[in-house]
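In what follows, a single structure is set out as structure tokens and then discussed.
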Amino acid sequence: MNESSGERPTLPGDIVRLDLRGLKCPLPALHTGRALERATPGTRLRVECTDPMAVIDIPHLVHQTGHVLEAQETATLPLVFHIRKAGP
């Protein structure tokens with residue numbers, strides 16, 4: 001995480017909420033990927049979005065980058081994805 005941004009680095013077990021409602025493909029996946037890059041291993045992300053393509057894109061991103069999709073709530077909007085950053 002960029003120290004000059006004024007945000008503190010995430011700690012293992014932290015939950016980071018990403019409100020990506022209203023963004024269209026590919027932005028929800030891109031923002032999720034950036035958040036995972038900045039997070040420390042063990043950090044959990046709660047990603048909320050309304051783009052129907054996220055049902056495909058976000059699980060694919062998580063799988064391709066080696067992180068863990070712990071749960072997904074896709075029956076109603078907003079779509080919610082619970083992701084844990086993997087790591088050593």
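All the letters of the sequence shown, read from the start, carry residue numbers 1 to 88 under full-length UniProt numbering. Ideal Cβ positions, reconstructed from N, Cα and C, are used throughout, including at glycine.
I want to know whether the stretch 40-56 touches the stretch 9-28 - three or more CB-CB distances under 8 Å.
yes
Could you check if residue 67 is buried or exposed, using at least 16 other CB atoms within 10 Å of its CB as the buried criterion?
Your numbering for residue 67 matches position 67 in the sequence shown. Buried is the call here.
Among the candidates 61, 64, 55 and 60, whose CA atom is the shortest distance from the CA of residue 79?
Counting from 1 along the sequence shown, the entry for residue 79 is found at position 79. Out of 61, 64, 55 and 60, 55 has the C-alpha closest to the C-alpha of residue 79.
Given a threshold of 16 other Cβ atoms within 10 Å of its Cβ, counted over all protein chains shown, does residue 39 qualify as buried or as exposed?
The residue you call residue 39 lines up with position 39 of the sequence shown. Under this definition residue 39 is a buried residue.
Short of 6 Å in beta carbon distance, which residues of its chain neighbour residue 74, apart from the five on each side in sequence? Order them along the chain.
Residue 74 sits at position 74 when you count from the first residue of the sequence shown. So the qualifying residues of the chain are 55.
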